[in-house]
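Protein chains in written order, with the working numbering: chain A, 243 to 502; chain B, 243 to 502; chain C, 243 to 502; chain D, 243 to 502. The next block holds one structure in the form of structure tokens; read it before the comments.
4 protein chains.
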Amino acid sequence: MADEPKVVTGLGLAELHRILVRGRDLTEDLLGNITFTEMVLFELTGRIPTANQSRMIDALLVILVEHGMVASVVASRSTYHTAPEAIQGAVAAALLTAGSVHLGSSEYCAKMLVDALPADAKEGDLDKVAGEIVDKYAASKTRVAGIGHRTHAEGDPRAVRLFQIARETEVFGRYCDLLLRVSTLAGDRAGRPLPVNVTGAIGAIALDLGLPWQMAKAFALIGRTLGALAHIGEEIRNPMAQNIDAAIKARLVYEVDAPQ
Amino acid sequence: MADEPKVVTGLGLAELHRILVRGRDLTEDLLGNITFTEMVLFELTGRIPTANQSRMIDALLVILVEHGMVASVVASRSTYHTAPEAIQGAVAAALLTAGSVHLGSSEYCAKMLVDALPADAKEGDLDKVAGEIVDKYAASKTRVAGIGHRTHAEGDPRAVRLFQIARETEVFGRYCDLLLRVSTLAGDRAGRPLPVNVTGAIGAIALDLGLPWQMAKAFALIGRTLGALAHIGEEIRNPMAQNIDAAIKARLVYEVDAPQ
Amino acid sequence: MADEPKVVTGLGLAELHRILVRGRDLTEDLLGNITFTEMVLFELTGRIPTANQSRMIDALLVILVEHGMVASVVASRSTYHTAPEAIQGAVAAALLTAGSVHLGSSEYCAKMLVDALPADAKEGDLDKVAGEIVDKYAASKTRVAGIGHRTHAEGDPRAVRLFQIARETEVFGRYCDLLLRVSTLAGDRAGRPLPVNVTGAIGAIALDLGLPWQMAKAFALIGRTLGALAHIGEEIRNPMAQNIDAAIKARLVYEVDAPQ
Amino acid sequence: MADEPKVVTGLGLAELHRILVRGRDLTEDLLGNITFTEMVLFELTGRIPTANQSRMIDALLVILVEHGMVASVVASRSTYHTAPEAIQGAVAAALLTAGSVHLGSSEYCAKMLVDALPADAKEGDLDKVAGEIVDKYAASKTRVAGIGHRTHAEGDPRAVRLFQIARETEVFGRYCDLLLRVSTLAGDRAGRPLPVNVTGAIGAIALDLGLPWQMAKAFALIGRTLGALAHIGEEIRNPMAQNIDAAIKARLVYEVDAPQ
Chain A
243 MADEPKVVTG LGLAELHRIL VRGRDLTEDL LGNITFTEMV LFELTGRIPT
293 ANQSRMIDAL LVILVEHGMV ASVVASRSTY HTAPEAIQGA VAAALLTAGS
343 VHLGSSEYCA KMLVDALPAD AKEGDLDKVA GEIVDKYAAS KTRVAGIGHR
393 THAEGDPRAV RLFQIARETE VFGRYCDLLL RVSTLAGDRA GRPLPVNVTG
443 AIGAIALDLG LPWQMAKAFA LIGRTLGALA HIGEEIRNPM AQNIDAAIKA
493 RLVYEVDAPQ
Chain B
243 MADEPKVVTG LGLAELHRIL VRGRDLTEDL LGNITFTEMV LFELTGRIPT
293 ANQSRMIDAL LVILVEHGMV ASVVASRSTY HTAPEAIQGA VAAALLTAGS
343 VHLGSSEYCA KMLVDALPAD AKEGDLDKVA GEIVDKYAAS KTRVAGIGHR
393 THAEGDPRAV RLFQIARETE VFGRYCDLLL RVSTLAGDRA GRPLPVNVTG
443 AIGAIALDLG LPWQMAKAFA LIGRTLGALA HIGEEIRNPM AQNIDAAIKA
493 RLVYEVDAPQ
Chain C
243 MADEPKVVTG LGLAELHRIL VRGRDLTEDL LGNITFTEMV LFELTGRIPT
293 ANQSRMIDAL LVILVEHGMV ASVVASRSTY HTAPEAIQGA VAAALLTAGS
343 VHLGSSEYCA KMLVDALPAD AKEGDLDKVA GEIVDKYAAS KTRVAGIGHR
393 THAEGDPRAV RLFQIARETE VFGRYCDLLL RVSTLAGDRA GRPLPVNVTG
443 AIGAIALDLG LPWQMAKAFA LIGRTLGALA HIGEEIRNPM AQNIDAAIKA
493 RLVYEVDAPQ
Chain D
243 MADEPKVVTG LGLAELHRIL VRGRDLTEDL LGNITFTEMV LFELTGRIPT
293 ANQSRMIDAL LVILVEHGMV ASVVASRSTY HTAPEAIQGA VAAALLTAGS
343 VHLGSSEYCA KMLVDALPAD AKEGDLDKVA GEIVDKYAAS KTRVAGIGHR
393 THAEGDPRAV RLFQIARETE VFGRYCDLLL RVSTLAGDRA GRPLPVNVTG
443 AIGAIALDLG LPWQMAKAFA LIGRTLGALA HIGEEIRNPM AQNIDAAIKA
493 RLVYEVDAPQ
């Protein structure tokens, strides 16, 4: 019995008359005194952010909430339309689209940066580290994560703004610095600008906030939960699921192809 | 062509060089200036909350984030353990457990209140409305939503604290008032206390914030997204999925039953 | 220790060198000898179906697999497009749309039938039971589940075909019989045909196969899993996610509305 | 208008009075005449399988249905317990665990085989191709997908049985052959047996059935949908979700750790 594997957590404990969150009393201590934004860093790391850090986290949480009538919210609206009894399913549908193709580059960029410059590494020569990153990607002929943008060749205004806030709030640290150097160096070699894009900026800032690279998508997932809820709310006020179906149907072509 | 059904939204529009959120420029106007908590009400209703309302919303967002090693985060941890490439799936798994049994009573309670006292109804005699609610449930022999608690017969401390904050922030309005009267009246008739529970309080406060009843679970879904992320983060630091499996296996009994 | 709650299952047990399924050896006994269709009833009830029952189950599994470019597969395609690393998420997205609005009527119809005529009830006067059902719905002014169809006023050809197969396979039993009587009686009272629809037929046949009402959607969920996979496969061969986005965008109107 | 992107599908079309599936009438032509197993290959490829191929596909569909009280079905049971109104969410939860760690090796193994020996490649020297695969993995110091097993060092009985059925049904082709050669060669070099495991066998057989590598998990996802439904059905008959919670709680340790 002594050796049976324990189930250990340090996050929360629900007792009969109180709930502890990382050792603090939810009702007595946290509720009414902590903002949700503070709670984000507290839950994820055990640290209550400073006012400056909170402003940065707010920006990371807000930036990906709303993007208009895109595929993720279309999935939510359709799901709500056919399963209104389970709003949680409609929100989950929106989250499931948060995969590697767009948002994933936050994770990949953060991993790339932390692999090249581990959290416990002494401050090194960032230009040298940036060079190693660019060399490594060039050798494997893959695109560097977090830089370049199809539409915004000269700079994604959202990334520019995030870095501006990172500087104002003094969250801007060596990972942001490193990513900018990677961007400059890769652009020089490519002979065209390869500015940091919005998901790259999020990845670097997440690291400078002390998060592990796997949590780089955390802000987007929280933001997208809100975005999905807003679209479900609008779907309730002004249902569009059937018009969306009709829009697709209007361009539908049925062409039976040969067996594969 | 003129009559083709349009796909209308007022929430967001992604243009080439800017993103609009309910008519406002995301990068220029909102980012760096709006907190996530403000964004919640802005996305859901178009209104930027006052500081008082923000404090209330923070409490609603924070209260259901963390509950320890419960089924929803166990589902997230298992999902992450077998599908670490898709953290979004692990978060979605936690959301899918946000159904009718526990959290649903926020929705049902809010619907009950707004059905009895529509948003556009003049201020009425709240005791009379409360009586109608209690009569109606008694007639159908179903439990009134949002009151009573298995463990906290004398009052769920989380509900007490939420109403306290609702009063401090002056969000406390006629729906909170009505629910408290329903609770008192139903308790009087039952001959035992039937205090407002935490999901009931959330439902009433959501209505007093001007949200539709279907959005009463919105705060819990956002909070649970954060909670799932925190447990996934802890799972990465200190993997427990296999110990959880072992704990279940230790009590496993295989009993083949007769065909059904 | 003696009183600790056990975790009991009679479905499966994975031992070191074999896997048991409802007491039978997976590799030695089932694999190669049992069809998936037989496995469906065996897993759900412990009974291996007869050839006739298998033909019926095949029809129930096949009937809802494919419906063209509808919302559920659009959600799958979008999810795959942005998260190709996690095909399981794209399939899950399709399942999440399997809610109350269309498919749910299988469950509701089956529940209605079994509430009126419990599984252990003696064979009664089915016309009398049908009359009680119709009266009950009339009293609560709700539509009877499983009958009537917007498009197929004179009979959903899928329901007709399912009942035909049910008769050929001798699965047709008292629940199918009862639902047809309900349909006739309700139509007579309404003065217009209210034929059994496809989800109603599925619900009645599921009961006549001995399944509990909650499993009436099981066939649809299995079928939809296949349908989603087929659409993901086609999306890989001939990507349409961006054209779907474009179709929606072509009809997009951005109209910022007043705060709610 | 002429250039607007079309939304093309060859899978299904729902017309007013009939549904077409890959050009064939669902009600008139398929229903009652096609088994679900035949439908699997027909939907995925447009080909109706032979009786032999059907037997093989049945084995692939059945083999991963049931594994006892494992994490995926625990997630389903918990989800059903708290959200019984949405059985589709409980099934989706089980699918979300079908990620890279266990099942993924079907995909990776199939991709490895088809990358080394493209579908349109002439029959080559399979030993040479196997050598190239083993060399490539050795060079990158990663484990070859689809071979080796922690528990079954001398051969996973499920893989052995699948290959036996593949031979009996004459589905066994060059991809099965190639994987066995890879297994032998890698084992020789490692100095210990590295037998084909069950997910590897599934990947090779899927290719020999003519499926693309991305569909190698299709059988498991369909099977797991059934498995989840069976566990939900058992949860309804004999609820275990709370005992599962209790089993975890019995080993719970709350240890607040230092901030990260």
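For glycine and all other residues, C-beta sits at the position ideal for the given N, C-alpha and C.
Who are residue 299(B)'s beta bridge partners in DSSP?
Here residue 299(B) is taken as the residue at index 57 of the second sequence, counted from 1. Secondary-structure assignment with DSSP links residue 299(B) through no beta bridge to anything.
Measuring only between beta-carbons, confirm whether residue 476(B) sits less than 8 angstroms from chain A.
Taking the second sequence and counting its residues from 1, the one referred to as residue 476(B) is at position 234. For residue 476(B), at least one C-beta of chain A is nearer than 8 angstroms to its own C-beta.
Nearest chain A C-beta to residue 316(C) closer than 8 angstroms, yes or no?
Along the third sequence, one-based indexing puts residue 316(C) at 74. By this cut-off, residue 316(C) is an interface position.
Starting from residue 386(A), follow its DSSP beta bridges and name the residues at the other end.
What you label residue 386(A) is simply residue 144 of the first sequence in a count that begins at 1. Note: residue 386(A) sits in no beta bridge, so no partner.
Is it buried or exposed for residue 259(A), if we count other Cβ within 10 angstroms and need 16 for buried?
Position 17 of the first sequence holds residue 259(A). By the neighbour-count rule (16 or more Cβ atoms within 10 Å), residue 259(A) is not buried but exposed.
Give, in chain order, every residue of the region 243 to 255 of chain D whose Cβ lies closer than 9 angstroms to some Cβ of chain A.
Cβ proximity to chain A below 9 angstroms picks out 246, 247, 248, 249, 250, 251, 252, 253, 254 and 255 from the region 243 to 255 of chain D.
Below-8 angstroms beta-carbon distance, residue 498(C) vs any chain B residue
Start at 1 with the first residue of the third sequence, and residue 498(C) comes out as number 256. True, the Cβ-Cβ gap to chain B drops below 8 angstroms.
If contacts are defined as beta-carbon pairs under 8 angstroms, then residue 474(B) and residue 329(B) qualify, I think. What distance do you get, rounded to the angstrom?
As a working mapping, residue 474(B) is identified with position 232 in the second sequence. As a working mapping, residue 329(B) is identified with position 87 in the second sequence. The C-beta distance from residue 474(B) to residue 329(B) rounds to 6 angstroms, short enough to fall under 8 angstroms.
Please determine if the region 251 to 268 of chain C and the region 356 to 371 of chain C are in contact, where contact requires at least 3 C-beta pairs separated by less than 8 angstroms.
Look at the beta carbons and you see the region 251 to 268 of chain C not touching the region 356 to 371 of chain C: under three pairs across the two are nearer than 8 angstroms.
Contact check, residue 282(A) vs residue 272(A) under 8 angstroms by CB: the rounded distance?
To locate residue 282(A), count along the first sequence from 1; it is residue 40. To locate residue 272(A), count along the first sequence from 1; it is residue 30. So it is not a contact: roughly 13 angstroms between Cβ atoms.
Throw me the rounded Cβ distance for the residue 437(D) and residue 401(D) pair, which I believe falls under 8 angstroms.
Counted from its first residue, the fourth sequence places residue 437(D) at position 195. Counted from its first residue, the fourth sequence places residue 401(D) at position 159. That pair is a contact at about 7 angstroms.
Can you pull the chain C residues whose beta carbon is under 7 angstroms from the beta carbon of residue 485(D), in chain order?
Walking along the fourth sequence from the start, residue 485(D) turns up at place 243. The answer, in chain order, is 247, 248 and 249.
Report yes or no: do three or more beta-carbon pairs, one from the region 406 to 415 of chain B and one from the region 447 to 461 of chain B, lie closer than 8 angstroms?
Between the region 406 to 415 of chain B and the region 447 to 461 of chain B, the count of C-beta pairs closer than 8 angstroms reaches three or more; the two stretches touch.
Roughly how many whole angstroms lie between the Cα atoms of residue 425(D) and residue 384(D)?
Counting from one through the fourth sequence, the residue named residue 425(D) turns up at place 183. Counting from one through the fourth sequence, the residue named residue 384(D) turns up at place 142. CA-to-CA, the gap between residue 425(D) and residue 384(D) works out to about 15 angstroms.
My output table needs one value for residue 428(D): the three-state DSSP class, helix, strand or coil.
Locating residue 428(D) in the fourth sequence gives position 186, where the first residue counts as 1. Under the three-state reduction of DSSP, residue 428(D) is assigned to helix.
Below 9 angstroms on C-beta distance, what does residue 480(D) contact in chain C?
Here residue 480(D) is taken as the residue at index 238 of the fourth sequence, counted from 1. The contacting residues are 250, 251 and 252.
Neighbour-count burial assignment, residue 459(A), 16 or more Cβ in a 10 Å radius:
Residue mapping note: residue 459(A) aligns to position 217 of the first sequence, counting from 1. Burial of residue 459(A) is indicated by the presence of at least 16 other C-beta atoms within 10 angstroms of its C-beta.
Can the beta-carbon of residue 311(A) be found less than 8 angstroms from the beta-carbon of residue 251(B)?
For the purposes of this step, residue 311(A) is taken as residue 69 along the first sequence, with counting starting at 1. For the purposes of this step, residue 251(B) is taken as residue 9 along the second sequence, with counting starting at 1. A contact, by the Cβ cut-off of 8 angstroms.
Give me the chain C residues within the contact set of residue 241(B), using Cβ-Cβ distance strictly less than 7 angstroms, ordered along the chain.
Any property of residue 241(B) remains undetermined from this structure, which presents chain B solely from 243 to 502.
Can you list, in chain order, the residues of its chain with a C-beta nearer than 6 angstroms to that of residue 335(C)? Leave out the 5 residues immediately preceding and following it.
For the purposes of this step, residue 335(C) is taken as the residue at position 93 of the third sequence. The beta carbon of residue 335(C) sits closer than 6 angstroms to the beta carbons of 317, 318 and 321 from its chain, once the five residues preceding and following it are set aside; these are given in chain order.
Return the first residue and the last residue of the alpha helix (DSSP H) that residue 440(A) is part of.
Along the first sequence, read from residue 1 onward, the residue named residue 440(A) stands at position 198. It spans 440 to 450 - the alpha helix (DSSP H) in which residue 440(A) sits, taken as one unbroken run.
Using a beta-carbon distance below 8 angstroms, is residue 414(B) in contact with chain A?
Counted from its first residue, the second sequence places residue 414(B) at position 172. Any Cβ of chain A closer than 8 angstroms to the Cβ of residue 414(B) would place that residue at the interface, and such an atom is absent.
Could you work out which residues of chain C lie near residue 400(D), taking near to mean beta carbons separated by less than 7 angstroms?
As a working note, residue 400(D) is residue 158 in the fourth sequence. Within 7 angstroms Cβ-Cβ: 269.
Whole-angstrom distance between residue 289(D) and residue 297(C), CA atom to CA atom
For this step, residue 297(C) is matched to residue 55 along the third sequence. For this step, residue 289(D) is matched to residue 47 along the fourth sequence. Using only the alpha carbons, I get a separation of about 20 angstroms.
Using a Cβ-Cβ cutoff of 8 angstroms, what residues of the region 318 to 342 of chain C are near chain A? List them in chain order.
Residues of the region 318 to 342 of chain C whose Cβ lies closer than 8 angstroms to any Cβ of chain A, in chain order: 320, 321, 323, 324, 325, 326, 327, 328, 331, 332, 334, 335, 338, 339, 340, 341 and 342.
Along chain C, which residues have their Cβ under 8 angstroms away from the Cβ of residue 354(D)?
For the purposes of this step, residue 354(D) is taken as the residue at position 112 of the fourth sequence. Contact note: residue 354(D) does not reach chain C at a C-beta cutoff of 8 angstroms; the least C-beta distance is about 16 angstroms.
Following the continuous alpha helix (DSSP H) through residue 373(D), name the residue where it begins and the one where it ends.
Residue 373(D) sits at position 131 when you count from the first residue of the fourth sequence. Per DSSP, residue 373(D) is one residue of the alpha helix (DSSP H) stretching across 368 to 381.
Can you confirm whether residue 493(D), when its beta carbon is compared against all beta carbons of chain B, has any partner nearer than 8 angstroms?
Translated into the one-based positions of the fourth sequence, residue 493(D) becomes position 251. Taking CB atoms only, residue 493(D) has a neighbour in chain B less than 8 angstroms away.
Return no unless some Cβ of chain G is closer than 8 angstroms to the Cβ of residue 375(A).
In the structure shown, chain G does not exist; the protein chains are A, B, C and D.
Strictly under 8 angstroms for the Cβ-Cβ distance: is residue 457(A) near chain C by that measure?
Residue mapping note: residue 457(A) aligns to position 215 of the first sequence, counting from 1. With 8 angstroms as the cut-off, residue 457(A) does not count as an interface residue toward chain C.
Rounded distance between the beta-carbons of residue 278(C) and residue 279(D), thought under 8 angstroms
Against the fourth sequence, residue 279(D) aligns to sequence position 37. Against the third sequence, residue 278(C) aligns to sequence position 36. In this structure, residue 279(D) and residue 278(C) form a Cβ contact; the two beta carbons are roughly 5 angstroms apart against a cut-off of 8 angstroms.
Whose CA, out of 305(C), 365(C) and 352(C), lies closest to the CA of residue 467(C)?
Numbered from 1 along the third sequence, position 225 holds the residue referred to as residue 467(C). It is 305(C) whose Cα lies nearest to the Cα of residue 467(C).
Between the alpha carbons of residue 501(B) and residue 270(C), how many angstroms are there, rounded?
The residue you call residue 501(B) lines up with position 259 of the second sequence. The residue you call residue 270(C) lines up with position 28 of the third sequence. Taking the straight line joining both Cα atoms gives about 21 angstroms.
For chain D, is any of its Cβ atoms less than 8 angstroms away from the one on residue 426(C)?
Here residue 426(C) corresponds to residue number 184 of the third sequence, with the count starting at 1. Chain D, which has no Cβ nearer than 8 angstroms to the Cβ of residue 426(C), makes this no.
From residue 403(B) to residue 327(A), what distance separates their C-alpha atoms?
Counting from 1 along the second sequence, the entry for residue 403(B) is found at position 161. Counting from 1 along the first sequence, the entry for residue 327(A) is found at position 85. Those two C-alpha atoms are separated by around 29 angstroms.
Every unbroken alpha helix (DSSP H) within the region 252 to 321 of chain B, with a cutoff of 4 residues, ordered by chain:
List check, alpha helix (DSSP H) in window: 278 to 287 and 293 to 304.
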